[in-house]
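I have placed the structure first, in the form of structure tokens, so that the comments after it can refer back to it.
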Amino acid sequence: GFDSKIMRNCGKIKWKKTKLDRMMDKLVIIIFLVLLVTSLCLAVASGFWAKTFQEKHSYLSALYKHTTPAQQAFFNFWGFTILLSIIIPMSMYITFEFIYLVNSFFINWDLEMYYADKDIPAKARSTSLNDQLGQIEYIFSDKTGTLTQNVMSFKKCCINGTIYGNFGWMHICGDSGGSGLSWSHQGEKKKLDFHDTTLLEAAQRDNDPVLREFLRLMALCHTVMVEEKGDQLVYQAASPDEEALVLAARSLGYVFLSRTQDTITTSELGVKRIYKVLAMLDFNSDRKRMSVLVRDPQGRIRLYTKGADTVILERVQRQGPHETSTEMALDRFAEETLRTLCLASKEVGEVEYRVWSRRHHEASVLLQDRAQELDKLYEEMEQNLQLLGVTAIEDKLQDGVPETIQLLKLGNIKVWVLTGDKQETAMNIGYACKLLTDDMEILEEKEIRLGVYCHQLSSNLFSHSEILEAYWESNNNLSASGEPLCSGHLSQQHPEPSHQKKRALIISGDFLDKILHKGEVLKEEKRQLWRKLACFRAGGKKKPQNSLVEKAFVDLATSCQAVICCRVTPKQKALIVQLVKKHKRAITLAIGDGANDVNMIKTADIGVGISGLEGMQAVQCSDYALAQFSYLQRLLLVHGRWGYLRICKFLRYFFYKTFAGLLAQVWFAFHSGFTAQPLFEGWFLALYNIFYTAYPVVSVGLLEQDVSAKKSLEFPELYVVGQRDELFNYRVFSITFLHGLTTSLSSFYIALWAFQDHVGSRTVGDYESFAVTVATSALLSVLMEIILDTKFWTVFSFLMVSASLLLFCLFSFLTQSFDAFRIAPVIFHFPGASRNALTDPYVLLVVLLSLVVNTIPSLTIRLYSSIMGKTTIQQKIHLKARRQPEPSVELRAHIPRGSFHRRSSYAFSHQQGYAGLITRGDSLRTKVTRATTPHPLHPGTSSALSS
985 GFDSKIMRNC GKIKWKKTKL DRMMDKLVII IFLVLLVTSL CLAVASGFWA KTFQEKHSYL
1045 SALYKHTTPA QQAFFNFWGF TILLSIIIPM SMYITFEFIY LVNSFFINWD LEMYYADKDI
1105 PAKARSTSLN DQLGQIEYIF SDKTGTLTQN VMSFKKCCIN GTIYGNFGWM HICGDSGGSG
1165 LSWSHQGEKK KLDFHDTTLL EAAQRDNDPV LREFLRLMAL CHTVMVEEKG DQLVYQAASP
1225 DEEALVLAAR SLGYVFLSRT QDTITTSELG VKRIYKVLAM LDFNSDRKRM SVLVRDPQGR
1285 IRLYTKGADT VILERVQRQG PHETSTEMAL DRFAEETLRT LCLASKEVGE VEYRVWSRRH
1345 HEASVLLQDR AQELDKLYEE MEQNLQLLGV TAIEDKLQDG VPETIQLLKL GNIKVWVLTG
1405 DKQETAMNIG YACKLLTDDM EILEEKEIRL GVYCHQLSSN LFSHSEILEA YWESNNNLSA
1465 SGEPLCSGHL SQQHPEPSHQ KKRALIISGD FLDKILHKGE VLKEEKRQLW RKLACFRAGG
1525 KKKPQNSLVE KAFVDLATSC QAVICCRVTP KQKALIVQLV KKHKRAITLA IGDGANDVNM
1585 IKTADIGVGI SGLEGMQAVQ CSDYALAQFS YLQRLLLVHG RWGYLRICKF LRYFFYKTFA
1645 GLLAQVWFAF HSGFTAQPLF EGWFLALYNI FYTAYPVVSV GLLEQDVSAK KSLEFPELYV
1705 VGQRDELFNY RVFSITFLHG LTTSLSSFYI ALWAFQDHVG SRTVGDYESF AVTVATSALL
1765 SVLMEIILDT KFWTVFSFLM VSASLLLFCL FSFLTQSFDA FRIAPVIFHF PGASRNALTD
1825 PYVLLVVLLS LVVNTIPSLT IRLYSSIMGK TTIQQKIHLK ARRQPEPSVE LRAHIPRGSF
1885 HRRSSYAFSH QQGYAGLITR GDSLRTKVTR ATTPHPLHPG TSSALSS
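Residue 1244 in this note's numbering is what sits at position 260 of the sequence shown, and the numbering runs on without skipping anything.
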């Protein structure tokens, strides 16, 4: 229901609008206000003109005896408002949506983003965010399943101090690997990516009790369910890590066959054994381990435990050098980006078990504090363990992830990784995918000491990192006297990032809680009021202190080339995105594959869901769905940049054609006594935005390209244009308005100058011919502008421009024919105007003159821009050619400092509660020989710890 963990973490559905959409709403309001002001000015002028006209021409006073100049101005105000209302670009929104829709189809149809292995194409689930794909500044990415494949493979292990699987295994051939063993009689489709004859032979000899217990633990201590289909055993695991361990044990001869509510059946080196399950000590995020208490066929009671190294090593008996070598193996596995688990066991006495079992039963039926009492009992049992060894599981990177991140970084896009895994694993993944490099200065949480800055307040109210203070001091934002933040000396300006050295910031969820005040970024709690008042008394600063600390943190993080946040919850992921949006006003993109990424995806300006192994929750809540992280480079650098370019050109041309073609009506009012007399034929006004100029602008919005897709990926630096809003902003709109204004002025006054008395050999100096001449001049100037502005010509583009001219000629002939005039003289009141005017050579020369005058300035500016811009493009090409190729990054030895104190991520990615389902029998369906289950315990289930 709505109170479940996933639903409470998924966040609210937000209506997303692009930056250009919001700007367009403001511009339409501005245009509407300008329309009202213009109509008001013209109406006032019409009132004064009517008064002057009546005084000068008293013999015509009979025409005005029923209206006063004020009434005349009132009626003309509404006349001008109706007449000029066509400049409000309402049709633009319809064309907008059509362009968005078709560009979304282009994303869906892109074969370069089609994942053939799983038959998954890219899908634009939202059709109104395409242009914002070209303006992304920050990408917030999940790790497991997004950067990695979320396909766990058992790679190595350390048993009794001996490491297996790390040398010589690539040269092993034959059927010695895993599932080819004679005792693994049940077929298995999934092959083990682990080949080490030393371990196989040791398992076959069965003379090492530690190795035997190690493999037995892998086959017993889990919550995997099994189902038999034909001669195959199909495992259904709560996490892919557990499935990998059970498959590894199976390939080494210890096969998990079935389970019931209180038994587990295995086949150990071909011998069937049934273990009675006495208790299952469930996993949770605090315990970071799980255990199973079983009675073996010989009647002995043993406890098998697996979990994170940080908790297991604290509970083992300190006996000998094997623990030291195991810890060295843990460090080695961590450097290789492997997910590790420590395995331990102990024998439990009968008396000890009976006492513990009675207390366990009493705690399990408590109505209050049941979980706390059970945890205490679990803690008592899981002491004095014998360390057996360590498993190492690999979660491979997806194909093309390092190259994609490298391209995104060249495009000035910063990638932040938000993961629930441990810091060491996240760092190694960062090095593997080239997010982190060896020349970076790593700012780790281990190097951060927490200080209290508001001395007037108690330490439990507020604390933050000294590194924030040092950062603000280095940017001259803290007073020289070293006064606390709340003393009012913190500058409100954005500190300039340091470009002298590359930096990466690596923090944890606990640290974020201190910065975010336990995650309450958007809520003002009551205690913040007292903190705010204390700060006011100390220095009179009006801005809340928590906002200053948040801003300091965001400024520090955004000045770094990479940020990795470890052990973060789904809510914290969304809060980090919200912080960057709040303080940087940047366009953000979040990408993830699981239910724990939904809140982050909804919060970001653009949400991308990966169709992975963790279900479809992320995809269903996303704006765009991809099959691989590597497709993000094409989505942003090609489709995003093209989409932004097309929409910006569409907007520029749409506003230009509107102002250039229709503002002549305003100039005509100065020569018609401000009487709101229309200049153009009504049909021209009605068809201007529908047929005469619509098709070329649609062609630009759909097909325009400045460079090819290959060049877009080759030169990701071109993406910066969208981040800076260079192609359409208020400045570009003002220039476009002035351009349309001058075009309408020249078209009108050149024709007016030529029509002073009469034109040409025939008498064509009438009002209709003048209107046709102005309309033709404006239309041809508008079409010439789009011809000059189009960089990517196709057959469709040529047909659209040709269609505009042909439709203008066709509708002019139809609406100005004498037959139409005879049928409806009120509607078709320009009979023969175009034929009369445009067949006169003098009028054609006037149209040509207007076209040349309107085109020469535009050509001059384009020529100048082309000459000046050519050097910049060449410099980019030379820089690209001189750039040294990035050295390949290995998976080992990437940590410049010995900063590892505790190891890689522990391989638990499922939630608490599966052990309870098994022991209660809720997830089991008992058969005579096999216990199978239809319960949906599948590898896709994930929790916040799995990121």
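All C-beta atoms in this analysis are idealised placements derived from N, C-alpha and C, irrespective of residue type, glycine included.
Residue i, DSSP secondary structure in three states
{"i": "V930", "result": "With the chain represented from 985 up to 1931, any question about residue 930 goes unanswered, as that position is not in the structure."}
{"i": "Y1288", "result": "strand"}
{"i": "E1211", "result": "strand"}
{"i": "L1629", "result": "helix"}
{"i": "L1469", "result": "Legend: pLDDT at L1469 = 39, less than 50; position of this residue unreliable, no value from coordinates given."}
{"i": "K1641", "result": "helix"}
{"i": "Q1360", "result": "Note on identity: in this sequence residue 1360 is Lys, with Gln being the wrong assignment. Here K1360 sits in helix by DSSP."}
{"i": "V1349", "result": "coil"}
{"i": "A1648", "result": "helix"}
{"i": "R1196", "result": "helix"}
{"i": "R1618", "result": "helix"}
{"i": "L1004", "result": "helix"}
{"i": "M930", "result": "Outside the modelled stretch of the chain, which goes from 985 to 1931, sits residue 930, for which no answer is possible."}
{"i": "W999", "result": "coil"}
{"i": "Q1220", "result": "strand"}
{"i": "I1083", "result": "helix"}
{"i": "K1934", "result": "Only positions 985 to 1931 of the chain appear in this structure, which leaves residue 1934 out of reach."}
{"i": "V1401", "result": "strand"}
{"i": "Y1098", "result": "coil"}
Beta-carbon proximity check, residue i vs residue j, cutoff 8 Å
{"i": "S1606", "j": "G1624", "result": "no"}
{"i": "C1205", "j": "S1275", "result": "yes"}
{"i": "P1272", "j": "C1326", "result": "Reading off the sequence shown, one finds Lys at residue 1272, where the question assumed Pro. No, they are not a contact pair."}
{"i": "T1249", "j": "L1262", "result": "no"}
{"i": "S1731", "j": "S1834", "result": "yes"}
{"i": "I1389", "j": "V1332", "result": "no"}
{"i": "L1671", "j": "F1795", "result": "yes"}
{"i": "Q1545", "j": "R1636", "result": "no"}
{"i": "N1060", "j": "L1017", "result": "no"}
{"i": "G1145", "j": "P1281", "result": "no"}
{"i": "V1756", "j": "A1644", "result": "no"}
{"i": "Q1562", "j": "G1493", "result": "no"}
{"i": "D1383", "j": "S1614", "result": "yes"}
{"i": "A1579", "j": "G1593", "result": "no"}
{"i": "T1677", "j": "K1641", "result": "yes"}
Residue nearest to residue i in terms of C-alpha spacing, selected from the options
{"i": "V1012", "options": "K1393, Y1676, S1075", "result": "S1075"}
{"i": "S1110", "options": "D1589, P1281, M1264", "result": "D1589"}
{"i": "D1115", "options": "K1633, A1759, L1835, D1094", "result": "K1633"}
{"i": "L1184", "options": "A1203, D1215, Y1148", "result": "Y1148"}
{"i": "G1373", "options": "A1313, R1569, I1258", "result": "A1313"}
{"i": "K1694", "options": "A1106, F1124, A1678, L1619", "result": "L1619"}
{"i": "A1233", "options": "D1383, T1250, L1241, L1199", "result": "L1199"}
{"i": "S1030", "options": "L1725, L1241, Q1055, F1082", "result": "Q1055"}
{"i": "L1358", "options": "L1322, E1311, D1266, L1020", "result": "D1266"}
{"i": "C1099", "options": "L1621, A1611, G1645, I1674", "result": "The residue you asked about is not Cys; residue 1099 is Tyr in the sequence shown. Y1099 has its Cα closest to that of A1611, out of L1621, A1611, G1645, I1674."}
{"i": "K1330", "options": "Q1216, R1299, Y1826", "result": "R1299"}
heavy atom of the ligand MN below 7 Å from residue i C-beta
{"i": "S1718", "result": "By its list of ligands, the structure shown contains no ligand whatsoever, and the ligand MN lies outside what it can speak to."}
Beta carbon proximity, residue i to chain B, threshold 8 Å
{"i": "L1616", "result": "Note that chain B does not occur in the displayed structure, where there is just one protein chain."}
Check: Is the region 1694-1713 close to the region 1727-1737, with three or more CB pairs under 8 Å?
Finding: no
Notebook entry, point to check: Counting pairs of beta carbons, one from the region 1533-1553 and one from the region 1389-1406, are three or more of them closer than 8 Å?
Noted result: yes
Notebook entry, point to check: At what residue ranges does the region 1668-1708 contain a whole run of the alpha helix (DSSP H), taking only runs of 4 or more?
Noted result: Under the rule that a run must span 4 or more residues, the alpha helix (DSSP H) segments found entirely inside the region 1668-1708 read 1678-1687, 1693-1698, 1704-1707.
Notebook entry, point to check: Pairing CB atoms from the region 1570-1584 with CB atoms from the region 1064-1073, are three or more of them under 8 Å?
Noted result: no
Next item on the list: May I ask you to verify whether the region 1793-1802 touches the region 1766-1778, counting CB pairs closer than 8 Å and requiring at least 3?
Entry: Using a C-beta cut-off of 8 Å, the region 1793-1802 makes no contact with the region 1766-1778, since fewer than three inter-stretch Cβ pairs fall below that distance.
Item checked: contact_flag[the region 1405-1422, the region 1557-1574] where n(CB pairs < 8 Å) is 3 or more -> The region 1405-1422 makes no contact with the region 1557-1574, as fewer than three CB pairs between them are under 8 Å.
Margin query: So, does the region 1364-1379 touch the region 1221-1231, judging by three or more C-beta pairs under 8 Å?
Written below: yes
Next item on the list: Starting from the N-terminal side, write out each stretch of the beta strand (DSSP E) that is 3 residues or longer and does not extend beyond the region 1363-1391.
Entry: 1370-1381
Check: Is it true that the region 1405-1414 meets the region 1123-1138, where meeting means three or more beta-carbon pairs spaced less than 8 Å apart?
Finding: Short answer: they touch.
Next item on the list: Could I get the ranges of all uninterrupted alpha helix (DSSP H) runs contained in the region 1574-1600, with 4 residues as the minimum, in chain order?
Entry: 1582-1587
Notebook entry, point to check: Using 8 Å as the Cβ pair cut-off and three pairs as the minimum, do the region 1078-1090 and the region 1676-1690 touch?
Noted result: Taking a cut-off of 8 Å for Cβ pairs, the region 1078-1090 and the region 1676-1690 touch, as three or more such pairs fall below it.
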